[in-house]
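Here the structure is laid out as structure tokens; the discussion comes afterwards.
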Amino acid sequence: MTEQYILAIDEGTTSTRAIIFDHAGHKVADSQREFPQYFPKPGWVEHNANEIWNAVLSTIANAFIDSGIKPKQIAGIGITNQRETTIIWDKQTGLPIYNAIVWQSRQTVDIAEALEAQGYGDMIHQKTGLLIDAYFSATKIRWILDHVPGAQERAERGELLFGTIDSWLVWKLTGGEAHVTDYSNASRTMLFNIHDLKWDPEILNILNIPEKMLPEVRSNSEIYGLTQDYHFYGSRVPIAGMAGDQQAALIGQTAFEPGMVKNTYGTGAFIVMNTGEKPQISDHKLLTTIGYGINGKVNYALEGSIFVAGSAIQWLRDGMQLVETAPESEKLALSSKNNNEVYVVPAFTGLGAPYWDSAARGSVFGITRGTTRADFIKATLQSLAYQSRDVVDTMKLDAGIEIPTLKVDGGAARNDYLMQFQADILNTPIQRAADLETTALGAAFLAGLAIHYWENLDELKEVYTTGKLFQPQMAADERQKLYRGWQMAVKATQVFKPEG
């Protein structure tokens, strides 16, 4: 019998990947293609949804070409995606009526602030597990319906469909046969009741969003539909697993037990703790979200979302032009002679958890005439670790437990300097995954479970492999001194609120 594989589509914020995995969980093909972001106004971030779709088709084709694997050898497809990013398209033509509004975008802040001012914050928090913020899909839907002429009326007539990226890709791959999403992505819209696992009619009514435009919500591991043969080289392959990127990473790290925690350093950094089968509503501005639903059981999670992580390193490269490549940042950070006295607070699109300050903007503290390029780069890398400690400390308060080990993945986790500093500032061992693409692996795991490519969670644990372990080495007094400096820098950043 011809060997079978699982294809994972990993649709991120700045690029799309198609990764083919074998039964041992090894990558046998990996194709990546970047696509542009658009910034129509300061703080606004958008994509062209058709450019994302074309990038997906291109990476799938290249994965087949590079590996020699045939489309008919793909047993199933898993999808993982940047969450919250919002697309509304015409049901008949399949054409988006506006650009995709990206999770990072702050263009819907006014809508979020109005909801808060009307006193809906506690109700929305209790039902959805989320805080009212422009980050989530609900305000983005409302913005598009408000700003595209005739959109509200068309939505009410059932002519328009909403989806996060997962829904868009499934709809496209199936030729419009399936308009679905999964528990994890639905739980990031600010429209989904995480207790009864349904779209919430009260919130929909408040925002005047017609339910008929929303996708059907399904579990994370089941067959949603088949690819159209004209999109998949003559093959109709089951799309069988789906999860938002951070939940997919939790699954890829096999963090199936309550209390397990992972941090993914992507464009942002996202720390997620498995809290088991009951939702735990945070008292400290963390998000309660759905981790995954498999075989009739739903596991919940606490999440702290950091808006700027890997994108800070991209900023060093593309914006500040201080490095030519992202890996160069590690070498320069190690060369810095500065005694950790410079602080960069990369609040480019506000501060995420646990501050949720959309008006904050990036700042730098502690520079002198002697501050060098290397010092600035080191401080920027350290900001990722400091922000992660903000979230981890808050997570410990909510969960009431210590975190024995932090599992890490994502592109910036390759940086040994950053990982060691993360272990030091947390005073917690950092366990790096052997393969940092755990997001894609999680999507593959979900698809594989649905079609019995893998049989159960225990088999997935055998497939998963760990990489380097970083042990904390910093003295306690030094750790606390540095973190106090960071806290002062954040407070000063929040005080400075430029007009406009």
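Using full-length UniProt numbering, the first residue of the sequence shown is number 1, and each one after it goes up by one.
C-beta: ideal position from N, C-alpha, C; glycine also.
Test item: CB-CB of residue i and residue j under 7 Å
i	j	result
P354	H284	yes
A374	L316	no
I88	F136	no
D10	T80	yes
S388	N274	no
A134	L191	no
G268	A301	no
E51	N99	no
R142	I101	no
S358	V109	yes
M242	D182	yes
With 16 other Cβ atoms within 10 Å as the buried cut-off, status of residue i
i	result
Q471	exposed
D390	buried
P40	exposed
Y464	buried
V298	buried
E211	exposed
K497	exposed
Y230	exposed
E462	exposed
N339	exposed
T164	buried
K140	buried
K278	exposed
R361	buried
R154	buried
S335	exposed
A312	buried
L397	exposed
For residue j and residue i, believed in contact at Cβ under 8 Å, the rounded distance
i	j	result
A412	L446	Rounded, the Cβ-Cβ distance is 24 Å, inconsistent with contact.
I223	A240	5 Å
I20	Y5	5 Å
N415	L381	7 Å
Q246	V272	5 Å
N193	D200	4 Å
R33	S58	5 Å
P71	F270	The pair is not a contact, with the Cβ atoms about 32 Å apart (cut-off 8 Å).
Y453	H23	7 Å
Y343	F365	5 Å
Whole-angstrom distance between residue j and residue i, CA atom to CA atom
i	j	result
I61	Y417	For clarity, residue 61 is Ala in the given sequence; the question names Ile instead. Approximately 36 Å between the Cα atoms of the pair.
T349	T128	23 Å
A433	F307	22 Å
D146	Q152	7 Å
I144	T289	25 Å
E84	A186	9 Å
D393	P238	41 Å
I77	L7	5 Å
T428	M474	11 Å
E402	E257	14 Å
G12	D409	14 Å
A423	S282	25 Å
R17	A443	12 Å
G291	N220	9 Å
G225	I367	56 Å
P346	Y265	14 Å
E303	Q480	24 Å
I97	A49	10 Å
D90	M260	41 Å
K407	S305	16 Å
R188	Q37	21 Å
A489	S105	24 Å
Q118	T14	35 Å
L214	A440	25 Å
N295	P42	44 Å
Where the alpha helix (DSSP H) containing residue i begins and where it ends
i	result
W486	A476 to V495
A333	E328 to S335
Y417	D416 to L426
E51	A49 to S67
L160	L160 -> not in any alpha helix (DSSP H); beta strand (DSSP E) instead, spanning L160 to G163.
Q312	Reading off the sequence, residue 312 comes out as Ala, not Gln. Segment G310 to Q314, the alpha helix (DSSP H) holding A312.
Closer than 6 Å: residue i CB and nearest the ligand SAH heavy atom
i	result
L351	Absence of the ligand SAH from the depicted structure is noted, as is the absence of any ligand whatsoever, leaving it without description.
Residue i - containing beta strand (DSSP E), residue span
i	result
E202	Segment P201 to L207 is the alpha helix (DSSP H) holding E202; no beta strand (DSSP E) there.
Q152	It is not in any beta strand (DSSP E) - Q152 instead sits in the alpha helix (DSSP H) that spans A151 to E156.
G225	S221 to L226
V261	V261 to Y265
K378	Where K378 is concerned, there is no enclosing beta strand (DSSP E), although the alpha helix (DSSP H) it sits in stretches over R373 to A399.
R142	First-last for R142: S137 to H147, but that is the alpha helix (DSSP H), not the beta strand (DSSP E).
D182	V180 to D182
S15	S15 to F21
residue 501	Given a span of 1 to 500 for the chain in the structure shown, any question on residue 501 remains unanswerable.
Chain C within 7 Å of residue i, Cβ atoms only
i	result
Y233	Of the protein chains in this structure there is only one, and it is not chain C.
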